[in-house]
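Chemist:
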Amino acid sequence: MTAHAQAEMVEEEIALDEILQTLNSGRVLESYPEHRRGASCLIGGYTAAGRPLHVVCTTARPVLIIITVYEPKPPKWPTPEERGLRL
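Numbering of the sequence shown is given in numbering that gives the first Met the number 0, commencing with residue 0 and proceeding in unit increments.
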């Protein structure tokens with residue numbers, strides 16, 4: 000897990016269990032195969048309590064690295080699965 004992901008977890012009060020639940024229930028919303036820091040993807044899912052979360056993680060390594068995690072909110076995310084205007 001990156002320092003950025005850890006900072007976001009603290010800022011948005013996201014527990015590690017919630018990230019694992021999101022990865023378990025989620026689906027790939029966006030793929031970034033040519034990202035400058037390596038192939039990654041955006042997974043959207045829900046915690047056991049129904050909280051929507053997004054997790055950006057690596058896809059090209061044998062070990063999963065969580066790059067960032069956040070709760071999707073308008074205006075960037077009108078719904079947890081639908082991106083609005085790029086800001």
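Ideal Cβ placement from N, Cα and C applies to all residues, glycine included.
Since the model is a prediction, treat every value here as computed from it, not as a measurement.
(1) Would you please state the rounded distance, in angstroms, between the beta carbons of A38 and T58? I believe it to be under 8 Å.
(2) Drop a sphere of 10 angstroms on the beta-carbon of L15, count the other beta-carbons inside from all chains shown, and report buried for 16 or more, exposed for fewer.
(3) Quick one: is G49 buried, meaning 16 or more other Cβ sit within 10 Å of its Cβ, or exposed?
(4) Which of helix, strand or coil does DSSP assign to T57?
(5) Closest by CA to S30, which one among Y45, L63 and V55?
(6) Going by beta-carbon coordinates alone, are Y69 and E11 separated by less than 7 Å?
(7) Let's see if you can read the secondary structure: which residues bound the beta strand (DSSP E) around V9?
Modeler: Taking the structure as given:
(1) As a working mapping, residue 38 is identified with position 39 in the sequence shown. As a working mapping, residue 58 is identified with position 59 in the sequence shown. That belief holds up - the Cβ atoms of A38 and T58 are roughly 5 Å apart, short of 8 Å.
(2) The residue you call residue 15 lines up with position 16 of the sequence shown. It counts as exposed.
(3) As a first step, residue 49 is located in the sequence shown; it is residue number 50 there, counting from the start. That one is exposed.
(4) Stepping through the sequence shown from its first residue, residue 57 is reached at position 58. The answer is strand: DSSP assigns T57 an E or B state.
(5) Counted from its first residue, the sequence shown places residue 30 at position 31. It is V55 whose Cα lies nearest to the Cα of S30.
(6) Indexing the sequence shown from 1 puts residue 69 at position 70. Indexing the sequence shown from 1 puts residue 11 at position 12. Yes; because the gap between Cβ atoms is below 7 Å, this pair is in contact.
(7) Position 10 of the sequence shown holds residue 9. Run containing V9: none in the beta strand (DSSP E); it sits in the alpha helix (DSSP H), A2 to E10.
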